[in-house]
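See below for the structure under consideration.
There are 2 protein chains.
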Amino acid sequence: MGLAKTEIFSNKQNQIASYSKVFGHPARVAILEYLFDKNACICGDLVDEIGLAQPTISQHLRELKQLGLIKGNVEGTSVCYCIDKEKWTEMKQVMLAFLDQDIVADSKCC
Amino acid sequence: MGLAKTEIFSNKQNQIASYSKVFGHPARVAILEYLFDKNACICGDLVDEIGLAQPTISQHLRELKQLGLIKGNVEGTSVCYCIDKEKWTEMKQVMLAFLDQDIVADSKCC
DNA sequence: TAACAACATTGCAATAATACGATTAATCAT
DNA sequence: ATGATTAATCGTATTATTGCAATGTTGTTA
């Protein structure tokens, strides 16, 4: 039905899924990498840098902003986006706990 | 259009997006956590464990299998799934490189 | 104030994802 | 062989996502 049954899963599981979902599009990965690379707030160059239309970029930025991973400062007529470091660290904790699950050696099969 | 323009992004960016996408649903997160927790191949208990119908679970398992993150061994009438450790480690490298991007202290704003 | 610049929003078309009933395929038990 | 069990696949309804043209909003500049 296109609608995930989030209510039957734990908060942690839904949180991991939410973070992952936002990373699940290469444009958003590219935006974040660009923001990291510049290590400073950048503004409208994202549209030129990534080959997507302005409304599309704006939409991706909004999703990143909704999760709190980026912040936007209005600077005159342009808006300056950058990584929210606290939130990024917080997200990283959650994701690492998931990715770093112990792989015990003696599994029964496979 | 519902169709991501993957061709304008790098292989690495698309790879990160692919891994993230598969983690972008709580059911698949739950399946993986259960597989890790049991540290042994389990079969149809996933249907009982997670509250989704059998075809739905089977569909999620297929997506995980397509990415290579899990393996399935046929054991009689049931199928035994477990984490593919090599592939998991490989995936972890890629994801960590993305998550661990340097957050330099002296950013210009925000 | 009027024109402009930079983004955000809206609306829409096209495709993808989610979920499950029904069915099929394979194996086991008798 | 027959029936039961397990899981994969098919078909389909429903919702979500992606992308962009058109338009709106806000602040700047002449």
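Those protein sequences? They're chains A and B, same order as listed. The first sequence begins at 122 in this note's numbering and counts up by one. The second sequence begins at 122 in this note's numbering and counts up by one. For glycine and all other residues, C-beta sits at the position ideal for the given N, C-alpha and C.
query                                                                                                                                                           : result
Take Leu173/B and list the residues in its own chain whose beta-carbon comes closer than 7 Å to its own, dropping the five residues that flank it on each side. : Ala148
Can you list the residues of chain B that Gly172/A reaches, using a CB-CB cut of under 7 Å?                                                                     : Ile129
Hey, quick one: how far does the beta strand (DSSP E) through Glu196/A stretch, first residue to last?                                                          : 191-196
My output table needs one value for Ser199/A: the three-state DSSP class, helix, strand or coil.                                                                : strand
Exposed or buried, Asp205/A, counting other C-beta atoms within 10 Å across all chains shown (16 or more means buried)?                                         : buried
Please classify Gln134/A: is it buried, with 16 or more other beta-carbons within 10 angstroms of its beta-carbon, or exposed?                                  : buried
Using a Cβ-Cβ cut-off of 7 Å, state whether Gln222/B counts as contacting chain A.                                                                              : yes
Given that Val134/B touches chain A, what residues does it touch there, using C-beta distances under 9 Å?                                                       : According to the sequence shown, residue 134/B is Gln rather than Val. By Cβ distance, chain A contributes Pro147, Ala148, Val150, Ala151, Glu154.
Please tell me whether Met216/A has its Cβ less than 7 Å away from any Cβ of chain B.                                                                           : yes
So what does DSSP say about Ile204/A, is it helix, strand or coil?                                                                                              : strand
Give the DSSP-derived three-state secondary structure of Ile171/B in the structure shown.                                                                       : coil
Mind checking which residues open and close the alpha helix (DSSP H) that includes Ser131/A?                                                                    : Ser131/A -> no alpha helix (DSSP H), and no H or E assigned at all.
Is the beta carbon of His181/A closer than 7 Å to that of Ala125/B?                                                                                             : no
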